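Peer 1: Take a look at the following structure, please.
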Amino acid sequence: MSTPALQHIAAVGAGRMGRGIAIAFAYAGHEVALIDIKPRALEATAKLETESLAEIGSSLRMLADLGMFDAGELPAIMARVRFVGLADAPAALEGADVVFEGVPEVLDGKRDAFAFICEHVRADAIVASTTSTFLVTDLAAFVTHPERLLNAHWLNPAYIVPLVELSPHPGTSAEVVDAMKAMLERAGKVPVVCAAAPGFIVPRLQALIMNEAARMIEQGIATAEEIDKATRYGFGFRFASIGVVEFIDFGGNDILYYASRYLAQAIDPTRFAPPAIVEQYMEEGRIGLKTGKGFYDYTGVDPDAYRRDVLGRSLGMLRHLDLLRAPGAALRPKE
0 MSTPALQHIA
10 AVGAGRMGRG
20 IAIAFAYAGH
30 EVALIDIKPR
40 ALEATAKLET
50 ESLAEIGSSL
60 RMLADLGMFD
70 AGELPAIMAR
80 VRFVGLADAP
90 AALEGADVVF
100 EGVPEVLDGK
110 RDAFAFICEH
120 VRADAIVAST
130 TSTFLVTDLA
140 AFVTHPERLL
150 NAHWLNPAYI
160 VPLVELSPHP
170 GTSAEVVDAM
180 KAMLERAGKV
190 PVVCAAAPGF
200 IVPRLQALIM
210 NEAARMIEQG
220 IATAEEIDKA
230 TRYGFGFRFA
240 SIGVVEFIDF
250 GGNDILYYAS
260 RYLAQAIDPT
270 RFAPPAIVEQ
280 YMEEGRIGLK
290 TGKGFYDYTG
300 VDPDAYRRDV
310 LGRSLGMLRH
320 LDLLRAPGAA
330 LRPKE
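Here the sequence shown stands for residues 0 to 334, numbered as in numbering that gives the first Met the number 0.
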């Protein structure tokens, strides 16, 4: 299918996610319709409109106060967002190039929302669900022209976190995926593509991390404060500078292999046993950077230049955290 110039955005569902998406795109320069399709009395619709726009304005003012943009830009950004109730929703959907569905995570509610959207939206408009619960393969049957459907999973707050996880179904048009990626990138986002699988990428990883953190508190291994400090200045610091899979290759798959085997024996064989691919790569000698191939292929890569680049990224994080010190600073008297 051919995709239109993606200018006009509709967010169906005026809750937390819809408001966050409205901020992200209005800030980027798009016209955004924040659409509520739930039948309500006029007074209730007016109340929701007031609350929604007030929250969007408050969030933008906070960002301006924190130096993200000049407060003088705020009225122009706000002017690009309009709240739309059920009565005017059909016209707003007809004018949308991209529709983000963000109604509550109830399958019947999703079905009804997509039926309403597809009744009024153009055939060439992209339709994206923001669901974190359902797979796009579960939703495809609810959409006419399903080749235009994909999941677009944002992380809260949507207007701050750069990542958006895109999950197409087997029938999704490649042009739709490419157009969505390009639009998000122009808006300052970082889209990644993953298969339709429970948990996408980030929720699947973070569920393991958060459960393990809670388990350590439960077992008396460390306090919440110490775990959070370790996360911010160790785990989070490291993976803000280098990707998880890149880190495996950088240190060596052998380190992961032996560490996993030790933890499996010492703590829990189910939680910590290395997956088959780690064992396979060990057998094949695919250790990572030091052998020239791991999860990535380092053919033609200068190892010293690459290590220097990673070190530079880490130094950038030290500067960001205001933890970079001059030589000998620890023994100098405080000013």
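Built from N, CA and C at the ideal position, the CB exists for glycine as well. As the structure is a prediction and not an experimental result, all values here were calculated from the model.
1) Closest by CA to A90, which one among P332, M182, A32, K180?
2) For the pair the stretch 45-60 and the stretch 188-207, tell me if three or more CB-CB distances fall below 8 Å.
3) What's the C-alpha gap between G101 and R270?
4) Take G12 and list the residues in its own chain whose beta-carbon comes closer than 6 Å to its own, dropping the five residues that flank it on each side.
5) Below 8 Å on the Cβ atoms is my contact criterion, and I expect A9 with L65 to pass it. Report the Cβ-Cβ distance as a whole number of Å.
6) Taking the beta strand (DSSP E) that L148 falls in, what are its first and last residues?
7) Excluding sequence positions up to five away, which residues of its chain have a Cβ less than 8 Å from the Cβ of K109?
8) Rounding to the nearest angstrom, what Cα-Cα distance links I208 and R237 in this structure?
9) In terms of residue numbering, what span does the alpha helix (DSSP H) encompassing R15 cover?
10) Buried or exposed: which applies to Y26, given that a residue is buried once 16 or more other Cβ atoms fall within 10 Å of its Cβ?
11) Tell me whether H168 is buried or exposed, calling it buried when 16 or more other Cβ atoms sit within 10 Å of its Cβ.
12) State the DSSP-derived secondary structure class of G56, mapped to helix, strand or coil.
13) Relative to the alpha-carbon of L288, which residue among N210, I76, P268, V244 has its alpha-carbon at the smallest distance?
14) With the cut-off set at 9 Å, would you say V80 and L106 are in Cβ contact?
15) Which one or two residues does DSSP pair with H7 in a beta bridge?
16) Return the bridge partner residues of R412 from the DSSP annotation.
Peer 2: According to the data block:
1) Closest option to A90, Cα to Cα, is A32.
2) The stretch 45-60 makes no contact with the stretch 188-207; the number of CB pairs closer than 8 Å stays below 3.
3) Straight across, the Cα-Cα distance linking G101 with R270 is about 34 Å.
4) A distance below 6 Å between beta-carbons, with the five flanking residues on each side excluded, links G12 to the following residues of its chain, in chain order: G101, V102.
5) Cβ-Cβ separation between A9 and L65: approximately 28 Å, too far for a contact (criterion under 8 Å).
6) 148-153 is the extent of the beta strand (DSSP E) around L148.
7) For K109, the CB contacts under 8 Å within the same chain, skipping 5 residues up- and downstream, are E100, V102, S128, T130, F133, L138, F141 in chain order.
8) Going by C-alpha positions, I208 is about 15 Å away from R237.
9) Taken as a continuous stretch (DSSP letters only), the alpha helix (DSSP H) holding R15 covers 15-27.
10) Buried, because 16 or more other Cβ atoms sit within 10 Å of the Cβ of Y26.
11) When all chains shown are included, H168 counts as buried.
12) Here G56 sits in helix by DSSP.
13) The shortest C-alpha separation from L288 is found at V244.
14) Contact: no.
15) Under DSSP, H7 forms a beta bridge with E30.
16) Nothing about residue 412 can be reported from this structure: the residues present for the chain run from 0 to 334 only.
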